[in-house]
Amino acid sequence: MLEKSQQLLQRASQSMPGGVNSPVRAFTSVGGTPPFIERAEGVYLYDADGNRYIDYVLTWGPAIIGHAHPEVVEACQAAMARGSSFGAPTELEIELAETMIARVPGLDVVRMVNSGTEACMSAIRLARGATGRDKFIKFAGCYHGHSDSFLIAAGSGALTLGTPNSPGVTEGTARDTLVAQFNDLASVETLLDGFPDQVAAIILEPICGNTGCIPPDPGFLQGLRALCDKHGTVLIIDEVMTGFRVGYGGAAARFGVTADLYTFGKVVGGGFPLAAYGGREDLMRHIAPDGPVYQAGTLSGNPIAVTAGLKTLQLLTPEVYEQLEATSERLGTGMQAIIDKHGYPMTQTRAGAMFGVFFTDKPVHTHQDVLGCDLERFNAFFHGMLKRGVYLAPSQFEAGFLSTHHTDAIIDETLEHAEAVLATIFAE
Ligand SMILES: *Cc1c(COP(=O)(O)O)cnc(C)c1O
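According to the numbering used here, the stretch in the sequence shown is residues 302 to 729, in order.
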């Protein structure tokens, strides 16, 4: 079934670490062979062995209007023919910036970069540069890319400094990253009070999507906003995953909070390496060349990537988000019905076109809750679904994604597969 992919993995492993260019693709946590993908169209992925999959990963979020959307393909081909990079400003970049600004609350000024990692590390640099403070707070389980200062685990006590969770990250870097618990305002307050006038920023995923899919508890985001105002701390909402995915204006608009700075990526690049950060005008004017905080990029605002992003956003009308919400509700309700019918110890979550399926019967509010999941059962579920042609994220700690191509029929087909696979797993 995956013979060709197996051969490709063996060959790839000789020239690339794990045979991949980003670790999760190697299926390390679920085991087995990752299908090598040949092409994708609409809701389907096609691998090198000729298998077809319903895709719930969607290139980790970007393909919200389906793979290879004909209008995006056409616009990018035309842009290619005009030249693929100039290293000089273009009118297209203004159009994308203006389109983003029109949708996101409190987004006054935007700077485009090439990856979510770059967007988040630049937003932190800006917050530090503007406040003159060194430390920032992140949440356990939230991911903001692989820049050194984010690869930090919580210390052993509430007020202990972070520790590196990758070799190569220095103790010195770790000292300036403080780690709080998602959906726990008290853990944030403890840090802000313990390090008075030292915390430049709080950065978070408004829906924690890098440890499954954990929506914010009511009042959590509003509470962070109030704490930031009280302490003169910059609130950075990382919308790399949620931006233009969970609503027309992203998660901030959905939950009625306004950040000082935002980071974007994934959907905004329409499947190309494009990301951005932006926010309050007075903060953004600190960025070079308007101000002294340095940040640059040879390929930033690349015309092909900007074309894909702009076309994608134009296709994402308010009506499309209503459709995505209905799709998400159908999947969530269907999944809950299966769980209830059989009394499975499982929990499902959703927020717009993002969802989570957890192998625990407890509600999921924090990273700690996800750590309590039955990972063996998740892995069996993942492989059972893959065999039936449903491509889920290869880890319990990742969210699922929906696109406009996930029709009612596709959702119902998926639910039938899920019920059958779960029956075998829980029979054992
Ligand atoms: C994916 C992601 C990033 C990192 O983006 P890359 O483009 O992979 O560097 C940062 N923050 C969040 C919330 C993400 O989901």
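In this text, a Cβ means the ideal position worked out from N, Cα and C, and glycines have one as well.
So what's residue i in DSSP terms, helix, strand or just coil?
i, result
"M422", "helix"
"R555", "helix"
"G673", "coil"
"L359", "helix"
"D641", "helix"
"R383", "coil"
"G319", "helix"
"H587", "coil"
"T368", "The sequence given here places His at residue 368; Thr does not occur at that position. Looking at H368 - three-state DSSP - the assignment turns out to be strand."
"Y563", "strand"
"V594", "strand"
"V295", "Residue coverage of the chain in this structure runs from 302 to 729, which leaves residue 295 outside it and unanswerable."
"K305", "helix"
"P390", "coil"
"M542", "coil"
"F679", "helix"
"P732", "Because the chain spans 302 through 729 in this model, residue 732 falls outside it and cannot be assessed."
"C377", "helix"
"L600", "coil"
"L617", "coil"
"G685", "helix"
"K612", "helix"
"F727", "helix"
"H718", "helix"
"S314", "helix"
"G633", "helix"
"Y549", "coil"
"T708", "coil"
"G430", "helix"
Can you tell me which residues form a DSSP beta bridge with residue i?
i, result
"T478", "F437"
"L346", "A341 and Y354"
"R651", "F656"
"V734", "Nothing can be reported for residue 734, as the shown portion of the chain is limited to 302 through 729."
"F702", "M655"
"V535", "A502"
What residues in its chain sit with their C-beta under 6 Å from that of residue i, if we drop five residues either side in the sequence?
i, result
"L462", "G456 and R476"
"Y622", "G548 and Y549"
"Q307", "T334"
"A369", "E342"
"Q697", "C674, L676 and F679"
"P465", "A475"
"T628", "L703 and H707"
"G417", "G446, V541, G566 and A576"
"I508", "P516, T543, A552 and A652"
"L616", "I366"
"E506", "C443 and D539"
"A459", "T491"
"C377", "I605, T608 and A609"
"Y595", "A589"
Using 8 Å for Cβ pairs, my map puts residue i next to residue j. What's the rounded Cβ distance?
i, j, result
"V414", "A420", "5 Å"
"A654", "I365", "6 Å"
"E472", "L528", "With a Cβ gap of about 27 Å, E472 and L528 do not count as contacting."
"F496", "K436", "6 Å"
"A609", "G571", "3 Å"
"L303", "D350", "6 Å"
"G513", "G633", "So it is not a contact: roughly 14 Å between Cβ atoms."
"T648", "V373", "Contact flag wrong, Cβ pair sits at about 35 Å."
"T705", "Q624", "6 Å"
"Y692", "V358", "6 Å"
Among residues of its own chain, excluding the 5 on either side of residue i, which ones have a beta-carbon nearer than 8 Å to its beta-carbon?
i, result
"L584", "L427, A428, A431, V535, D561 and L562"
"T667", "A441, G442, Q482, F483, N484, D485 and I515"
"E339", "Y347, D348 and A349"
"L452", "P465, N466, S467 and V470"
"V480", "I438, K439, F440, A441, I453, A454, A455, G456 and G463"
To which residues of the same chain is residue i closer than 7 Å at the C-beta, ignoring the five residues directly before and after it?
i, result
"G362", "M542, R546, K567, V568 and F702"
"A327", "G319, G320, V321 and P335"
"V331", "N680, F683, H684, P695 and S696"
"L611", "L393, E396, L397 and T400"
"V405", "G550, G551, A553, A554 and Y563"
"G388", "T599"
"L522", "P507, F556 and V558"
Relative to ligand 2, is the shortest distance from any of its heavy atoms to the C-beta of residue i smaller than 7 Å?
i, result
"V541", "For the structure depicted, ligand 2 is absent and the ligand set comprises only ligand 1."
Quiz prompt | Complete beta strand (DSSP E) runs within the segment 445-533 (minimum length 3 residues, chain order) | solution = Here the runs fully enclosed are 478-481 and 500-505.
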